[in-house]
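Under my numbering, the first residue of the sequence shown is numbered 397, with each subsequent residue one higher.
Where is the CB? At the ideal position from N, CA and C, for every residue including glycine.
Quick caveat: nothing in here was measured; it's all calculated off a predicted structure.
Reading through the structure tokens given below for one structure.
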Amino acid sequence: MFKLANILNTLKSPTNPTIEPKNVQSGNSVKITRNWYEERSDKIIVQRNILLVISILLILLVMASIAAVTIVINSREFSPFVIQIDNSTGMATIVNPISSEILSGNDALSRYFIKKYLIARETYNPVDFDTEARRRVRLLSSNSVYYNYLGYIKNKDIDPVLMYGQNNTTFLLIKSWSKLQENLQENKNKYMIRFSINETAGDRKVFNKIAVVSFSYIPMELTDIDRDINPVGFQINDYRVDDDNS
């Protein structure tokens with residue numbers, strides 16, 4: 397009986413006393429892991445919010461910069477001027493700004509720039525055709541007229557570089573000027589010019605042309621070098637040239 401009682405007591409006692417410490421240790425590990433993930437998540441959220449605030453500030457700064465540049469550009473004004481050279485001393489002085497109305501009424505000045513434009517656009521010299529001549533056309537033309545010119549000379553049947561290369565040049569002679577009715581609403585003046593293009597070598601052909609040119613004087617932002625070509629804001633607004641069969 398003694399042995400049977402001992403056996404019964406043994407069965408009633410815990411069989412694995414070390415299980416509870418292991419369960420406690422496992423729970424602590426899960427809690428530590430959960431706290432680590434929560435901490436990392438909080439850090440990521442904080443970083444995201446900081447980046448969002450910085451992005452908003454940068455966008456506002458860019459918008460403010462664009463607005464400031466726009467205001468500065470719109471507030472700038474251009475006043476055409478004329479450089480006067482003293483015949484005795486050679487000293488250059490800037491004459492007081494001239495209004496577009498006064499410039500438009502100066503036929504001699506307008507004819508001067510029109511002739512410079514015709515020479516640059518209609519004649520050919522391999523030395524400066526792709527440089528100075530094209531630059532002069534650009535500075536004396538509106539954007540639409542200049543781009544039409546670029547498209548025109550790309551035609552293989554017209555391109556003087558392909559026609560003449562280094563073997564020929566041409567020059568221009570004005571035959572007559574005719575001032576047409578002015579467009580007062582758009583402040584534009586118009587001339588019809590008869591001229592000839594003359595080859596200097598080969599068959600020495602002569603091409604008779606007639607051009608109708610519409611122009612005005614407008615404010616232009618130019619560099620000092622470009623202003624040497626166009627100091628008064630002269631601009632061709634419309635240009636048409638045809639063969640003169642008269």
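- Collapsing the DSSP output to three states places residue 566 in a strand.
- With 16 or more other Cβ atoms from the protein chains shown falling within 10 Å of its own Cβ, residue 566 counts as buried.
- Only exposed fits residue 562, as fewer than 16 other CB atoms lie within 10 angstroms of its CB.
- Inclusion of residue 607 and residue 535 in the CB contact set at 9 Å is not warranted, their separation being larger than that value.
- For the 9 Å CB-CB criterion, residue 576 and residue 594 do not form a contact.
- Shown here, residue 503 sits in a helix according to DSSP, grouped into three states.
- Distance from residue 632 to residue 538 at the Cβ level is roughly 6 Å; contact confirmed, criterion being Cβ atoms closer than 8 Å.
- C-alpha of residue 599 to C-alpha of residue 636: approximately 27 Å in a straight line.
- By the criterion of a C-beta distance shorter than 7 Å, residue 573 is surrounded in its chain by 507, 587 and 589, once the five residues flanking it on both sides are discounted.
- It is roughly 6 Å from the alpha-carbon of residue 630 to the alpha-carbon of residue 612.
- An exposed status is given to residue 440, since fewer than 16 other beta-carbon atoms sit within 10 Å of its beta-carbon.
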